[in-house]
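Chains A and B are the protein sequences, given in the same order. For my numbering, add 53 to where a residue sits in the first sequence, where the first one is 1. For my numbering, add 64 to where a residue sits in the second sequence, where the first one is 1. The beta-carbon is built from N, C-alpha and C at its ideal position, and this holds for glycine as well.
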Amino acid sequence: MLTIKILGPGCANCKRLEEIARKAAADMGVEAEFIKVTASNDILAYNILSTPGLVINGKVVSSGRIPTPASVTTWLADALNTA
Amino acid sequence: MTSYITDMLQGGLGNLFAYLAAHVLLCLLPAFYIAGAMTALIPKETVTRFLGRNTPRIVSYPAATLAGSLLAVCSCTIVPLFAGIYKKGAGIGPAITFLFFAPAANILALVYTGGVIGADLAFARFFLSLAFGIGIGLIMALLFRSEDAAHDKATDAMFAGQSAVGMNPAALIFLLVWVALLLAGTLKVGFLTGSYHQLSLPIAGAAEFQGLLDRLVPYDASKGEEGLSVHGVTLILLLAAVGLTSWQGIERIHEGFNRWTWIAMGLTGLTLLVAALNIQTDAMGLSLGFTGKFFGVLATLLALWWLARKRLTEDELRDWLWESWHFVKQIFPLLVVGVFLVGVIRVLIRPEWIENLAGSNTLLGNLAGVTFGVFMYFPTLVEVPIAKMFLGLGMHRGPLLAYLMADPELSLQSILILSAIMGKLKTWTYVGWVALFSTLAGLVYGAWIDGASLGLIALFLGAFLATLALVLWLVSRHTAHEPSLPKPAL
């Protein structure tokens, strides 16, 4: 069970990121809980300067850009191995 | 009554077509790609790590302006970034400088102002924003320095601990070649605008087609209006094709590049090349003039193609295309609607009104420019066609600059958001300073346009700044006494 957080106020980029992350998790058959973090204070608690940010199990894996489905899959696999 | 409505619609459409065909392509299209490249390829940390409070002022303030012009291309990204750097412990001074400089003098705004209104106003906008942005930053830092010190307890780690993320040198060159393309396409110098080779295409009916266009979009050259040419129609069609193929090729780019991606890029190049040609209609058909611009654009496009294919990583290429497309989707529709409405409104406003209010460089005229800028909210860049309309209606260039300085900085909406981030007092202080400085900028620039000697302007500006410095010094002496209350022992 992974916890995946999408950091971003709800902009187009954040929605696209969520879409990609959900699809990657579904394709891998990983069970994951998705949390959208939209309040700016909560976002700033993570050490990122620009949204969208992707956090897997408490670790920021990407910020300021939309990653490719392939790299999201790799991060999910890494998180599963260390969990 | 019906003729009135037809007039307005024709005004709007005429303005829109003339705008799409004539002005945007060689400046706005490259500007979107440059903006995308800046967002995607420049790591934000490289610039913002200089904004921490431990950085000496001589570094942090210029870094703030640099960050402003490089990172926040659209005003919608400025406030979140400002909130980020301010809450993460940047001093209020550099943060304010960043906030002030970014909307007025980012690359899109400057290029667009230069292309539509004139290079002189673009330079004035840049230099005055630079001087006043740093000035307002320093003033705010001084006024609120006790609170700023309390804010200091917030962690500075964000800025101190950042490792310098390097930028791919190829990405930097890529960005510079885009700037070269922009300059080749927009600079009005003889060797770029002159034609080196003429080619006649005997297309029957070209002259008739032009006649039809002139009837559809009637124009009055004496009012500074431009009609629609065959060249213009070609460009509008190409632009539409670029839009459609980008929708297919770039909208889902994260799932991989497809055929449409490459077609969209090819069409973009083609559009820029056609825009750089000098196409005239004559009795024989069309005559194509291969200008210096054309060869400049061709050379830079080839260089860009080579860099994109051989030197940029796939991730960089994808992020760049996505961000550029993102800007186009976000800003272009607003511009189209804005330009159309400006054309409609232009029919309604009588030139006498503008001339009476702001036809000359007076204090009242400049204040009117600033007030209009603060209370009217226009989406990013729409302020430029509006400014062009005012210019056409007889507004003096001084009040026009005052308006251009105030409009992107302040709107009721941004004032509300800012007061949520840094408090009402700081926000209204900031608003007051921006209004004052914008009025001043208009007056100074207007005086220069009217032919006042630089020495006289410098004298007045110097006297004003000296008075300001004196007042601030008194204020700071006054506040300096307050912290002499017993300090908590550390």
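Extent of the continuous beta strand (DSSP E) to which residue i belongs
i      : result
B/I343 : 342-346
B/L474 : Counting along the chain, B/L474 falls outside any beta strand (DSSP E), and DSSP gives it neither H nor E.
A/F87  : 85-90
Sequence-distant residues of the same chain with beta carbon closer than 6 Å to residue i, five excluded per side
i      : result
B/Y150 : A159
B/A221 : Low confidence applies here, because B/A221 scores a pLDDT of 48, under 50, leaving its location unreliable and the question unanswered by this model.
B/R461 : I513
A/M54  : E84
B/M102 : L134
A/S115 : L107
B/M72  : V408, V411
B/V241 : T364, A367, L368
B/A244 : T364
A/E71  : I59
B/G429 : A422, P463
A/G117 : S103
B/H295 : I343
A/F87  : I57
B/L77  : none
B/R117 : G155
Alpha helix (DSSP H) segment containing residue i, residue limits
i      : result
B/L73  : 66-82
A/I109 : That residue, A/I109, is in no alpha helix (DSSP H); its beta strand (DSSP E) goes 106-109.
B/I200 : 183-207
B/S517 : Here B/S517 belongs to no alpha helix (DSSP H), and DSSP marks it neither H nor E.
B/G179 : 171-180
For residue i: DSSP bridge partner residues
i      : result
B/L352 : B/L263, B/I343
A/I133 : With the sequence shown as reference, residue 133 of chain A is identified as Leu, and Ile is not the correct amino acid for it. In the DSSP output, where bridge partners are listed per residue, A/L133 has none listed.
A/L60  : A/V90, A/G106
A/K76  : Looking at the DSSP assignment, A/K76 forms no beta bridge with any residue, so it has no partner.
A/K112 : A/I109
A/L55  : A/A85
Neighbourhood of residue i by C-beta, 7 Å cutoff - its chain only, sequence neighbours within 5 removed
i      : result
B/I521 : V508, A511, W512
B/L292 : F81, A82, A85, L277, V281
B/I142 : A136, L163, A166, P167
B/V555 : In the structure as shown, chain B begins at 65 and stops at 554. Residue 555 of chain B is therefore absent and cannot be evaluated.
B/L536 : I203, L206
Chain-order list of residues whose beta-carbon lies under 8 Å from that of residue i (same chain, five-residue window excluded)
i      : result
B/L256 : A248, T355, G356, K357, G360
B/A533 : none
B/L334 : L302
B/T66  : none
B/F528 : L504
B/T250 : L90, C91, V175, G178, G179
B/F190 : A169, L174
B/I418 : F454, L457, G458, M459
B/T325 : G313, I314, I317, L385
B/L194 : T129, F165, A169
Residue i: CB within 6 Å of a non-hydrogen atom of the ligand ATP
i      : result
B/R373 : Of the ligands one can find in the structure shown there are none, so the ligand ATP has no counterpart to examine.
Where in the region 397-453 of chain B do unbroken runs of the alpha helix (DSSP H), each at least 4 residues long, occur, reported from the N-terminal end onward?
415-422, 427-439
Counting Cβ pairs closer than 8 Å, one from the region 309-322 of chain B and one from the region 381-388 of chain B, do we hit at least three?
yes
Please give the ranges of any alpha helix (DSSP H) in the region 235-294 of chain B, keeping only runs that are unbroken, at least 4 residues long and fully inside the region.
254-257, 270-280
For the region 88-154 of chain B, which segments carrying the alpha helix (DSSP H) assignment without a break, of at least 4 residues, lie completely within its bounds, in sequence order?
88-105, 108-112, 121-135, 139-151
Spell out a yes or no on whether the region 115-123 of chain A and the region 260-274 of chain B are touching, meaning 3 or more CB-CB pairs, one atom from each, closer than 8 Å.
no
Pair every Cβ in the region 267-279 of chain B with every Cβ in the region 405-419 of chain B, then say whether three or more of these pairs are closer than 8 Å.
no
Below 8 Å, can you find three or more Cβ-Cβ pairs linking the region 55-70 of chain A to the region 90-104 of chain A?
yes
For the 8 Å Cβ check, are there 3 or more pairs between the region 125-133 of chain A and the region 72-83 of chain A?
yes
Please confirm if the region 163-176 of chain B is in contact with the region 91-100 of chain B, defined as three or more CB-CB distances below 8 Å between the two stretches.
yes
So, does the region 467-481 of chain B touch the region 430-450 of chain B, judging by three or more C-beta pairs under 8 Å?
yes
Please determine if the region 368-375 of chain B and the region 296-314 of chain B are in contact, where contact requires at least 3 C-beta pairs separated by less than 8 Å.
no
Three CB pairs or more closer than 8 Å across the region 446-458 of chain B and the region 491-505 of chain B
no
Threshold first: 4 residues or longer. Then list the alpha helix (DSSP H) segments lying entirely within the region 480-525 of chain B, N to C.
488-513
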